[in-house]
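Structure, as structure tokens:
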Amino acid sequence: MQNIKIVAAGDSSLLIEFGNEINEEINRRITTIVQLMRDQHIEGVVDMIPAFCSLLINYDPRIISFNRLQKRMEALVKMDLKGGAERRRIFEIPVCYGGEYGPDMETICSHAGLSEKEVIDLHSSRDYLIYMLGFLPGFCYLGGLDERIHTPRLANPRVKIPAGSVGIGGSQTGIYPLDSPGGWQLMGMTPVKTYDPDREKPILLEAGDYIRFIPVQEAEYLRIKESVERDEYQCTVREGGV
Numbered sequence: 147m148q149n150i151k152i153v154a155a156g157d158s159s160l161l162i163e164f165g166n167e168i169n170e171e172i173n174r175r176i177t178t179i180v181q182l183m184r185d186q187h188i189e190g191v192v193d194m195i196p197a198f199c200s201l202l203i204n205y206d207p208r209i210i211s212f213n214r215l216q217k218r219m220e221a222l223v224k225m226d227l228k229g230g231a232e233r234r235r236i237f238e239i240p241v242c243y244g245g246e247y248g249p250d251m252e253t254i255c256s257h258a259g260l261s262e263k264e265v266i267d268l269h270s271s272r273d274y275l276i277y278m279l280g281f282l283p284g285f286c287y288l289g290g291l292d293e294r295i296h297t298p299r300l301a302n303p304r305v306k307i308p309a310g311s312v313g314i315g316g317s318q319t320g321i322y323p324l325d326s327p328g329g330w331q332l333m334g335m336t337p338v339k340t341y342d343p344d345r346e347k348p349i350l351l352e353a354g355d356y357i358r359f360i361p362v363q364e365a366e367y368l369r370i371k372e373s374v375e376r377d378e379y380q381c382t383v384r385e386g387g388v
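The sequence shown maps to residues 147 to 388 in our numbering.
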């Protein structure tokens, strides 16, 4: 991990740049540093915002100066952080694929030259790393989509995509946490609310977590949806090594 840069970003933010390459090793290191800083409770640090290959730290300059925080971070990024790689939460997200829940499934299948079952099997066969959150509250940027089901975005984006929609946009897949415009090809829907402003912790997932999509039939989807609406549903979360 060479050429790490720590620079000022405004008068109350510090940016750590780990390079310009998107890969799991860099992202895992960022996630480990975030967890370590949380454990240390560094006074004056207000927020930490991880991205694909950088970490933005917002701080209160009345409590901690840029130079002091910079020195803390310079020491931290030089540490051997292999121990943090053991932390891996895998959220199982149920998805009802195709039909009215995935109106673009036929397009995805046609582009890939695969059957609907083959597309579903590929999409639900792996754990997807959450590199970062952005665009919308709780919107996860996932890595690891099988190249065989990469699908171009819609030529004309939809004005409204329902919350819970699961789609593919180019080489990425993800879940729309809110009703919003969007141009991804929709392949299914989850009843799980990845963002709920009324929940104690509004955003369900964090950068560094993983998602495994679990295919379910419509009856199971509707059962889970009712449970979600009653605030009784909890995702299965597995612990795994890296």
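By construction, the Cβ of each residue, glycine as well, lies at the ideal position given by its N, Cα and C atoms.
Predicted, not measured: the structure shown is a model, and the values here were computed from it.
DSSP beta-bridge partners of residue i
i: aspartate 193; result: Asn204
i: arginine 304; result: Gly328
i: methionine 335; result: Cys242, Ser311
i: isoleucine 321; result: Val312
i: leucine 279; result: Cys286
Three-way DSSP call (helix, strand, coil) for residue i in this model
i: glycine 310; result: coil
i: glycine 244; result: coil
i: cysteine 381; result: coil
i: isoleucine 162; result: strand
i: methionine 225; result: coil
i: threonine 340; result: coil
i: cysteine 286; result: strand
i: isoleucine 152; result: strand
i: isoleucine 236; result: strand
i: tyrosine 274; result: strand
i: phenylalanine 359; result: strand
i: isoleucine 188; result: coil
i: isoleucine 179; result: helix
C-alpha gap between residue i and residue j, whole angstroms
i: tyrosine 322; j: glycine 315; result: 12 Å
i: alanine 231; j: arginine 175; result: Caution applies to alanine 231, whose pLDDT of 48 falls short of 50 and renders its modelled position unreliable; the model cannot decide the point.
i: aspartate 157; j: glutamate 167; result: 27 Å
i: asparagine 169; j: lysine 151; result: 17 Å
i: aspartate 377; j: valine 153; result: 43 Å
i: glutamate 264; j: proline 207; result: 54 Å
i: phenylalanine 198; j: methionine 278; result: 6 Å
i: proline 308; j: leucine 275; result: 23 Å
i: tyrosine 379; j: glycine 310; result: 15 Å
i: glycine 289; j: phenylalanine 212; result: 33 Å
i: serine 317; j: asparagine 204; result: 31 Å
Cβ separation of residue i and residue j, assumed to be a contact under 8 Å, to the nearest whole Å
i: threonine 340; j: histidine 269; result: The Cβ separation is near 17 Å, so there is no contact.
i: proline 337; j: proline 249; result: Not quite, the Cβ-Cβ distance comes to about 17 Å (not below 8 Å), so this is no contact.
i: leucine 332; j: glycine 313; result: 5 Å
i: leucine 201; j: serine 159; result: Contact flag wrong, Cβ pair sits at about 11 Å.
i: arginine 235; j: valine 374; result: About 19 Å; that fails the 8 Å criterion.
i: glycine 329; j: tyrosine 243; result: Not confirmed; about 20 Å, so no contact.
i: lysine 306; j: proline 327; result: 7 Å
i: isoleucine 209; j: glutamate 189; result: 6 Å
Under 8 Å: do the segment 175-188 and the segment 215-227 share three or more Cβ pairs, one atom per stretch?
Yes, the segment 175-188 is in contact with the segment 215-227.
Does the segment 347-357 come close enough to the segment 254-265 to have 3 or more Cβ pairs within less than 8 Å?
no
Are the segment 356-376 and the segment 300-308 in contact at 8 Å, needing three or more beta carbon pairs?
no
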